[in-house]
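Colleague: In UniProt numbering, the protein residues as written are 1 to 421. Each residue gets a CB set at the ideal place from its N, CA and C atoms; glycine is no exception. Here the structure is a predicted model, which is why all the values come from computation and not from measurement. Here it is, the structure in full.
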């Protein structure tokens, strides 16, 4: 794959970067009007309309509300830039004038608050602005540009759904795929690392069965709440006693639900677990441990019906391609200077890699900061960086500038690293 030298890229970015004022307005609108996974109708329409106005060949409703715009600009590599669109069932507490007050029905039919608590609104708008920049600068590069707006990342199913819905029958197969994610670092900073970036994730639903009855007659019942409590405690031993020291693994019980009243012992209890790993062998060991513990605790309590342990969602680890990272650092380094910072792997998960692995293409995701400089510097001085609002927090909202400009520049620069001059 031919790569552009960094010479002249700074001037190119600055010359063709669009006025970001209207994009800031779009950002505020999307932040104020978030949409849950699989419900990204208005957000996708905004992205599709923007690409159509630029002259992209636009495909919509791919794997749900997925959008892919193609700009063919002569011979050369095909570069895919991806942004995710969905929001979270979180009640916003930022106090911003454009804060979300929206509610929506989730996939279970429950009414929930909705917030862009993971920063996908910045991803959408920065890719829209990058599309404008790269379209305006098209006389300086040759190849094919794909701008992809993905639904349902938070459910870890949107990327797979787009591929299974014939994404690569509609658009050319990319030579390289690039994505970025806002994180709680200082605004204006960018970090790209080779190898492990994000963990694999498995969502596991557990149901344990007992024998219900009166709360005053536990001797006549098999209490699934007691079984569930024992399971939750025993699960904590998997990481400490079954995983090789130094190998990352996380087992979290994020939801436990059983019963309706204090004086009624229910007949079943539900647990929702989250597993994070990098290594596949570790993943298999952890999941096997969960199944073993659940079944053993139920047997020990005398439960007659066997429990169910179901993997309801799964996505692989995000492992950045090393040659692609080296190429990006050759352009990011001179451009961002001291604002290109080092970072560690993150124990969070994404489904971006599912766009790349089915076609065997290299991919890289990098991160950029969204915490305003004063807040960040104060936290550094006090050693309280870990207390800053992070992704999925009701208080998480990246400062608009220079966060947006940094994201636009990084995404555009990433594309120009691989598109021929």
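1) Need the endpoints of the beta strand (DSSP E) that residue 382 sits in, please.
2) Using C-beta distances below 6 Å, list every residue in its chain close to residue 71, excluding the 5 sequence neighbours before and after it, in chain order.
3) Does the Cβ-Cβ distance between residue 103 and residue 89 come in under 7 Å?
4) Please classify residue 177: is it buried, with 16 or more other beta-carbons within 10 angstroms of its beta-carbon, or exposed?
5) To which residues does DSSP link residue 149 through a beta bridge?
6) Which whole-angstrom value is the C-beta distance of residue 190 and residue 340, which I expect to be below 8 Å?
7) Mind checking who residue 309 pairs with in its DSSP beta bridge?
8) Would you mind sorting residue 326 into buried or exposed? The rule is 16 or more other CB atoms within 10 Å of its CB.
9) Given a cut-off of 7 Å, decide if residue 230 and residue 295 are closer than it, judged by their beta-carbon atoms.
10) Excluding the 5 residues preceding and the 5 following residue 315 in the sequence, name in chain order all residues of the same chain whose CB lies nearer than 6 Å to its CB.
11) Buried or exposed for residue 2, going by 16 or more other Cβ atoms inside 10 Å?
12) Would you list the residues sitting across from residue 180 in a DSSP beta bridge?
13) Could you give the C-beta distance for residue 218 and residue 265, rounded to a whole number, given that I count them as a contact under 8 Å?
14) What residue range does the alpha helix (DSSP H) around residue 298 cover?
15) Using 8 Å as the cut-off, can you tell me whether the stretch 78 to 93 makes contact with the stretch 35 to 43, which would need three or more C-beta pairs spanning the two stretches below that distance?
16) Have a look at residue 63 and residue 169 and give me their C-alpha separation to the nearest angstrom.
17) Consult DSSP for residue 412 and reduce its assignment to one of helix, strand or coil.
18) Would you mind working out which of 247, 277, 16 sits nearest residue 198, comparing C-alpha positions?
19) Using CA coordinates, which residue listed in 163, 227, 242, 123 is at the minimum distance from residue 403?
20) Cβ of residue 18 within 7 Å of Cβ of residue 129?
21) When you compare only the Cα positions, how much space is there between residue 284 and residue 52?
22) Is the stretch 149 to 163 close to the stretch 330 to 345, with three or more CB pairs under 8 Å?
23) What residue range does the alpha helix (DSSP H) around residue 13 cover?
24) Give the straight-line distance between the Cα atoms of residue 54 and residue 206, rounded to the nearest whole angstrom.
25) Can you grab the Cα-Cα spacing for the pair residue 40 / residue 9, in whole Å?
26) Measuring straight from C-alpha to C-alpha, what distance separates residue 329 and residue 408?
27) Closest by CA to residue 366, which one among 131, 411, 378, 158?
28) Given residue 399, which residues of its chain have a CB within under 8 Å of its CB, disregarding the five upstream and five downstream residues?
29) Rounded to the nearest angstrom, how far is the Cβ of residue 312 from that of residue 203, given a contact under 8 Å?
30) Please return the same chain residues whose Cβ sits closer than 7 Å to the Cβ of residue 28, not counting the five positions on each side in sequence.
31) Give me whichever residues DSSP pairs with residue 320 in a beta bridge.
32) What residue does the beta strand (DSSP E) around residue 256 start on, and which one ends it?
33) Excluding the 5 residues flanking residue 387 on each side, which residues of the same chain have their C-beta closer than 8 Å to its C-beta?
34) So residue 60 and residue 44 are supposed to be a Cβ contact under 8 Å. How far apart are they, rounded?
35) Looking at residue 300: is its Cβ nearer than 7 Å to the Cβ of residue 96?
36) Hey, which unbroken runs of the beta strand (DSSP E) at 3 residues or more fall wholly within the stretch 213 to 243?
Modeller: A quick look at the data gives this:
1) The count along the chain shown starts at 1 and reaches residue 382 at position 382. First-last for residue 382: 373 to 382, but that is the alpha helix (DSSP H), not the beta strand (DSSP E).
2) One-based indexing of the chain shown puts residue 71 at position 71. The answer, listed in chain order, is 56, 145.
3) Along the chain shown, one-based indexing puts residue 103 at 103. Along the chain shown, one-based indexing puts residue 89 at 89. Going by C-beta atoms, residue 103 is not nearer than 7 Å to residue 89.
4) Within the chain shown, residue 177 is the residue found at index 177, counting from 1. By the Cβ neighbour-count rule, residue 177 is buried, with 16 or more other Cβ atoms within 10 Å of its own.
5) Within the chain shown, the letter at position 149 stands for residue 149. DSSP lists 67, 83 as partners of residue 149.
6) As a first step, residue 190 must be located in the chain shown, where it is residue number 190. As a first step, residue 340 must be located in the chain shown, where it is residue number 340. Yes, residue 190 and residue 340 are in contact; Cβ-Cβ is about 6 Å, under 8 Å.
7) Taking the first residue of the chain shown as 1, we reach residue 309 at position 309. Paired residues: 206.
8) What you label residue 326 is simply residue 326 of the chain shown in a count that begins at 1. With fewer than 16 Cβ atoms within 10 Å of its Cβ, residue 326 is classed as exposed.
9) Here residue 295 refers to the residue found at position 295 of the chain shown. Here residue 230 refers to the residue found at position 230 of the chain shown. Not closer than 7 Å, so no.
10) Taking the first residue of the chain shown as position 1, residue 315 is located at position 315. For residue 315, where only same-chain residues beyond five positions count, the Cβ hits under 6 Å are 156, 201, 349, 351.
11) By one-based count along the chain shown, residue 2 stands at place 2. Low local confidence applies: a pLDDT of 46 at residue 2 is under 50, so the model's placement there is unreliable, and no value is given.
12) Residue 180 sits at position 180 when you count from the first residue of the chain shown. DSSP output for residue 180 lists 366 as bridge partner(s).
13) Position 218 of the chain shown, counted from the first residue, corresponds to residue 218. Position 265 of the chain shown, counted from the first residue, corresponds to residue 265. In this structure residue 218 is in contact with residue 265, their Cβ atoms being roughly 6 Å apart against a cut-off of 8 Å.
14) Within the chain shown, residue 298 is the residue found at index 298, counting from 1. First-last of the alpha helix (DSSP H) with residue 298: 280 to 300.
15) Yes, they touch.
16) As a first step, residue 63 is located in the chain shown; it is residue number 63 there, counting from the start. As a first step, residue 169 is located in the chain shown; it is residue number 169 there, counting from the start. Cα-Cα distance, rounded: 13 Å.
17) Locating residue 412 in the chain shown gives position 412, where the first residue counts as 1. Here DSSP, grouped into helix, strand and coil, assigns residue 412 to helix.
18) Taking the chain shown and counting its residues from 1, the one referred to as residue 198 is at position 198. The shortest Cα separation from residue 198 among 247, 277, 16 belongs to 277.
19) By 1-based counting over the chain shown, the position of residue 403 is 403. Checked all of 163, 227, 242, 123; the closest Cα to residue 403 is 123.
20) Counted from its first residue, the chain shown places residue 18 at position 18. Counted from its first residue, the chain shown places residue 129 at position 129. Note that the C-beta distance between residue 18 and residue 129 is below 7 Å.
21) On the chain shown, position 284 is the one that residue 284 refers to. On the chain shown, position 52 is the one that residue 52 refers to. Their backbone Cα atoms lie some 45 Å apart in a straight line.
22) Counting Cβ pairs under 8 Å, fewer than three are found: no touch.
23) What you label residue 13 is simply residue 13 of the chain shown in a count that begins at 1. Unbroken alpha helix (DSSP H) run through residue 13: 9 to 16.
24) For this step, residue 54 is matched to residue 54 along the chain shown. For this step, residue 206 is matched to residue 206 along the chain shown. Taking the straight line from one Cα to the other gives about 48 Å.
25) Taking the first residue of the chain shown as position 1, residue 40 is located at position 40. Taking the first residue of the chain shown as position 1, residue 9 is located at position 9. C-alpha separation (whole angstroms): 34 Å.
26) By 1-based counting over the chain shown, the position of residue 329 is 329. By 1-based counting over the chain shown, the position of residue 408 is 408. When only Cα atoms are considered, residue 329 and residue 408 end up about 17 Å apart.
27) Reading the chain shown from its first residue, position 366 is the one you call residue 366. Of the candidates 131, 411, 378, 158, the one whose C-alpha sits nearest the C-alpha of residue 366 is 411.
28) As a position in the chain shown, residue 399 is number 399, starting the count at 1. So the qualifying residues of the chain are 187, 370, 371, 372.
29) Counting from 1 along the chain shown, the entry for residue 312 is found at position 312. Counting from 1 along the chain shown, the entry for residue 203 is found at position 203. 5 Å between Cβ atoms; contact.
30) The residue given as residue 28 occupies position 28 in the chain shown. The residues are 98.
31) Here residue 320 refers to the residue found at position 320 of the chain shown. In the DSSP assignment, residue 320 forms a beta bridge with 195.
32) As a first step, residue 256 is located in the chain shown; it is residue number 256 there, counting from the start. 249 to 257 is the span of the beta strand (DSSP E), which, as asked, contains residue 256.
33) Within the chain shown, residue 387 is the residue found at index 387, counting from 1. The beta carbon of residue 387 is closer than 8 Å to those of 379 in its chain, skipping five residues each way along the sequence.
34) As a position in the chain shown, residue 60 is number 60, starting the count at 1. As a position in the chain shown, residue 44 is number 44, starting the count at 1. The Cβ separation is near 7 Å, so the contact holds.
35) If you number the chain shown from 1, residue 300 lands on position 300. If you number the chain shown from 1, residue 96 lands on position 96. Cβ atoms of residue 300 and residue 96: not closer than 7 Å.
36) For the beta strand (DSSP E) assignment, the stretch 213 to 243 encloses no uninterrupted run of at least 3 residues.
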